[in-house]
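This report concerns only the one structure given below.
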Amino acid sequence: MSTGHQGEPHQGAARRGRDRRARTLPARPGVSRVQGTPPSVAVVGAGIAGLAAATALAERGVAVTLYEKRPYLGGRVGGWPTELRDGTTTTMSRGFHAFFRQYYNLRGLLRRTDPGLERLTGLPDYPLLNSGGLHDSFRHVPRTPPLSALGFVALSPSFRLADLRAMDPSAALPLLDVRVPEVYGRLDGTSAHDFLGAVRFPDNARHLAFEVFSRSFFADPRELSAAEMALMFHIYFLGSAEGLLFDVPRAPFPAALWEPLAGYLALHRAEVRTGTAVEHIEPIPVGGLVVTTGRDERHHDGVVLALDSAGLRSLVGRSRQLGDAPWRERIGRLHTAPPFLVSRLWLDRPVAADRPGFLGTSGFGTLDNISVLERYEDEAARWSARTGGSVVELHAYAVPPGAARDVEQKHLLGQLHRVYPETGTAAVLDARHEWHDDCPLFPVDGYGDRPTVRTPHPRLVVAGDLVRTGLPVALMERAATSGFLAANFLLEQWGVRGQTLWTVPDRGRSAILRTLAAIWGRTPTARGRRG
1 MSTGHQGEPH QGAARRGRDR RARTLPARPG VSRVQGTPPS VAVVGAGIAG
51 LAAATALAER GVAVTLYEKR PYLGGRVGGW PTELRDGTTT TMSRGFHAFF
101 RQYYNLRGLL RRTDPGLERL TGLPDYPLLN SGGLHDSFRH VPRTPPLSAL
151 GFVALSPSFR LADLRAMDPS AALPLLDVRV PEVYGRLDGT SAHDFLGAVR
201 FPDNARHLAF EVFSRSFFAD PRELSAAEMA LMFHIYFLGS AEGLLFDVPR
251 APFPAALWEP LAGYLALHRA EVRTGTAVEH IEPIPVGGLV VTTGRDERHH
301 DGVVLALDSA GLRSLVGRSR QLGDAPWRER IGRLHTAPPF LVSRLWLDRP
351 VAADRPGFLG TSGFGTLDNI SVLERYEDEA ARWSARTGGS VVELHAYAVP
401 PGAARDVEQK HLLGQLHRVY PETGTAAVLD ARHEWHDDCP LFPVDGYGDR
451 PTVRTPHPRL VVAGDLVRTG LPVALMERAA TSGFLAANFL LEQWGVRGQT
501 LWTVPDRGRS AILRTLAAIW GRTPTARGRR G
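As numbered in the UniProt record's numbering, residues 1 to 531 make up the sequence shown, in order.
Structural data, given as structure tokens:
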């Protein structure tokens, strides 16, 4: 297995975890590396999707140029230096990310430079807190379905016997046999909120469990497709034996993840052009595409568009010869989720010793979770040890678009004081507030407008967490998987074997439950329309 130098591609990089039912997707047969003069490919966007595509292509001898408008790699999981008032240089980012054990292909990408994933560390729990005082935890929940679901119900204070009796089990059956893309045909026309209402899912459990999933998409459950929520439930809970615990990087994202990968790409002769925005792309009659930046124009044999929704809309809108009219219209209709806020606070005293590294919250205004960075990140731990303070990060997803930013920042701090009262007397020595609105939204009836990896142009492909892959993947794993799929499609045209991939099982785990779901598991709203 190659670990960095020229040679055989890293075929074993993607692998399953503990789940013996994880699905493997072998690459199409072909030679291990390009033959003769290497084709050139431009990868536009250096987030997870772009880095995955660039890595798979460069490993196989393709001449890769990676364009990124920001000065750093990683996209929404990137980081950059900032200087605190006390003179400390630290790394700021766009917030906490959980690297679940189901993220086989993302973890495979990271294994290029960290074969044992030693730069990640597991958090001992995934605790959830409701403002009414209810606590939930996944620490002691069995990982193997259906024991995972039964264990969660048995251990959770959010489920009462009366609530369970009131639920409509037939309405919930679609959750037991989630398949892609069939789940979109069944549930994309229903919102996550309406689906859970039809199931009569207990309110407390809905806040503590399902709302956490929906807000992971930076969306209000009323706006999110129930199909996307059902897919999440399958990936993390009923369809996978990896469980809901996760890993986090031991160091800030650049040091732990992307700087080593940049070195790996350099060893494979990829050119990384940070601080370089692509202004225009034009297909040319002799083949390939011309990529124009503010600095130059270059001809490439292929292009991977690995951009967020707004960036893809904008670039396609400026590049009027790309694709065909229907494809361009679909790109133009892509949605962006509401704004989100990440507030990182450097406090003059520590939070209580028993506070977890990560806490999901519900019912505390716009506050969705709290992270205590010194619990797992070395840079924050050093600052905490030197000053005696804590580094606390607050997330607010799906903030109303017209909200006043300074007001929301103060509200978030007030909610921190409610959840962790000891912070009410702490002085904020420094703070950074990151506002962004560039995450994809997966609205009701929106699946058909989402792009696939393939486009009308044979050498133009799309990657990112907004892409329809036809596979049970989501969030960061969808980004990584789509990047590898984009690379594989181009490599296939040159007769080169691509990247073998893994996913969670592509259907429900129980044959009996699958049969019940097939017989009774129609969407609640569909049953109502049919009378």
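Glycine included, every Cβ here is placed at the ideal spot set by N, Cα and C.
Given the structure is predicted, the values throughout are model-derived calculations rather than measurements.
* Consult DSSP for Trp327 and reduce its assignment to one of helix, strand or coil. => On the sequence shown, residue 327 is found 327 positions in, with the first residue counted as 1. Note: Trp327 maps to helix in three-state DSSP.
* Asked: What's the gap between the Cα of Ile48 and the Cα of Thr24?
  -> The count along the sequence shown starts at 1 and reaches residue 48 at position 48. The count along the sequence shown starts at 1 and reaches residue 24 at position 24. So the two alpha carbons sit approximately 21 Å from each other.
* Asked: Leaving out five residues before and five after Gly381 in sequence, what residues of the same chain have Cβ atoms less than 6 Å from its Cβ?
  -> Here residue 381 refers to the residue found at position 381 when the sequence shown is read from its first residue. Note on identity: in this sequence residue 381 is Ala, with Gly being the wrong assignment. Same-chain partners within the cutoff: Glu374.
* To do: Pull up the CB-CB distance for Ala171 and Val199, whole angstroms please, since I reckon it's below 8 Å.
  => For the purposes of this step, residue 171 is taken as residue 171 along the sequence shown, with counting starting at 1. For the purposes of this step, residue 199 is taken as residue 199 along the sequence shown, with counting starting at 1. With 8 Å as the limit, Ala171 and Val199 qualify as a contact, their Cβ atoms being about 5 Å apart.
* Straight-line CA distance for Ser482 to Leu106? -> Sequence index remark: in the sequence shown, residue 482 carries index 482 (1-based). Sequence index remark: in the sequence shown, residue 106 carries index 106 (1-based). Near 10 Å, if we compare the C-alpha coordinates of Leu106 and Ser482.
* In or out: His299 buried (at least 16 other Cβ within 10 Å) or exposed? -> Translated into the one-based positions of the sequence shown, residue 299 becomes position 299. That one is exposed.
* To do: Mind the definition here: the region 217-224 touches the region 251-258 only if three or more C-beta pairs lie below 8 Å; say whether that holds.
  => no
* Please name the residue or residues paired with Val461 in a DSSP beta bridge. => Walking along the sequence shown from the start, residue 461 turns up at place 461. DSSP lists Val304, Arg454 as partners of Val461.
* Asked: Distance, Cα to Cα, Val31 vs Leu109?
  -> In the sequence shown, residue 31 corresponds to position 31, counting from 1. In the sequence shown, residue 109 corresponds to position 109, counting from 1. Those two C-alpha atoms are separated by around 21 Å.
* Run through DSSP, which three-state label would Ile370 get? -> Translated into positions along the sequence shown, residue 370 becomes position 370. Strand at Ile370.
* Residue ranges of each beta strand (DSSP E) within the region 15-89, 3 or longer -> 23-25, 40-44, 63-68, 79-83
* Taking Asp406 as part of the alpha helix (DSSP H), name the residues at either end of that continuous run. => Working through the sequence shown from its first residue, we reach residue 406 at position 406. 405-419 is the extent of the alpha helix (DSSP H) around Asp406.
* Glu282: first and last residue of the uninterrupted beta strand (DSSP E) it sits in -> Reading the sequence shown from its first residue, position 282 is the one you call residue 282. 278-283 is the extent of the beta strand (DSSP E) around Glu282.
* Beta-carbon spacing of Pro472, Pro400 below 8 Å -> Residue mapping note: residue 472 aligns to position 472 of the sequence shown, counting from 1. Residue mapping note: residue 400 aligns to position 400 of the sequence shown, counting from 1. For Pro472 and Pro400, no; Cβs fall outside 8 Å.
* Which one or two residues does DSSP pair with Ser390 in a beta bridge? -> As a working mapping, residue 390 is identified with position 390 in the sequence shown. Bridge partners of Ser390: Leu347.
* Cβ neighbours of Arg313 in the same chain (closer than 7 Å, five flanking residues each side left out) -> Numbered from 1 along the sequence shown, position 313 holds the residue referred to as residue 313. Answer for Arg313: Ile331, Gly332, Leu334, listed in chain order.
* **Inter-residue CB distance, Glu479 and Gly498 (contact presumed, cutoff 8 Å)** => Counting from one through the sequence shown, the residue named residue 479 turns up at place 479. Counting from one through the sequence shown, the residue named residue 498 turns up at place 498. First, the residue type needs correcting, since residue 479 is Ala and not Glu in the sequence shown. Not really, about 17 Å apart at Cβ, beyond 8 Å.
* Would you mind reading off the limits of the alpha helix (DSSP H) that contains Asp194? => Here residue 194 refers to the residue found at position 194 of the sequence shown. Its alpha helix (DSSP H) spans residues 192-199.
* Could you say if the region 58-71 and the region 389-400 meet the contact criterion of at least three C-beta pairs nearer than 8 Å? => no
* Out of curiosity, what's the CA-to-CA distance linking Ala486 and Gly75? -> Here residue 486 refers to the residue found at position 486 when the sequence shown is read from its first residue. Here residue 75 refers to the residue found at position 75 when the sequence shown is read from its first residue. Going from the Cα of Ala486 to the Cα of Gly75 covers about 18 Å.
* Going by DSSP, which residues form a beta bridge with Asp247? -> Position 247 of the sequence shown, counted from the start, is the residue given in the question as residue 247. DSSP lists Phe99, Gly122 as partners of Asp247.
* If you draw a straight line from the C-alpha of Asp324 to the C-alpha of Gly288, how long is it? -> Numbered from its first residue, the sequence shown carries residue 324 at position 324. Numbered from its first residue, the sequence shown carries residue 288 at position 288. Taking the straight line from one Cα to the other gives about 16 Å.
* To do: Evaluate the contact criterion for the region 359-378 versus the region 126-141: three or more CB pairs, one atom per stretch, below 8 Å.
  => yes
* Count the C-beta pairs between the region 180-191 and the region 224-233 that are closer than 8 Å, then say yes if the count reaches three, no if not. => yes
* To do: Using only alpha-carbon positions, find the residue among Arg432, Gly17, Ala474, Gly79 that is nearest to Thr144.
  => Here the question's residue 144 lines up with position 144 in the sequence shown. Comparing Cα-Cα distances from Thr144 to each of Arg432, Gly17, Ala474, Gly79, the minimum goes to Gly17.
* My understanding is that Val41 touches Val303, with C-beta atoms under 8 Å, so please give their C-beta distance in whole angstroms. => Here the question's residue 41 lines up with position 41 in the sequence shown. Here the question's residue 303 lines up with position 303 in the sequence shown. Their Cβ separation, rounded to whole angstroms, is 7 Å, which keeps Val41 and Val303 in contact under 8 Å.
* Asked: If we count the other Cβ atoms within 10 Å of its Cβ and call it buried at 16 or more, is Gln102 buried or exposed?
  -> For the purposes of this step, residue 102 is identified with residue 102 of the sequence shown, where counting begins at 1. Classification of Gln102: buried, given that the 10 Å Cβ count is 16 or more.
* So Ala427 and Asp348 are in contact, right, with Cβ under 8 Å, and what is the actual spacing, rounded? -> The sequence position of residue 427 within the sequence shown is 427, counting from 1. The sequence position of residue 348 within the sequence shown is 348, counting from 1. Indeed they touch by this definition, with Cβ atoms about 4 Å apart.
* Asked: Between Ser343 and Phe358, is the Cβ-Cβ spacing less than 8 Å?
  -> Position 343 of the sequence shown holds residue 343. Position 358 of the sequence shown holds residue 358. No, the pair does not count as a contact, with Cβ atoms beyond the cut-off.
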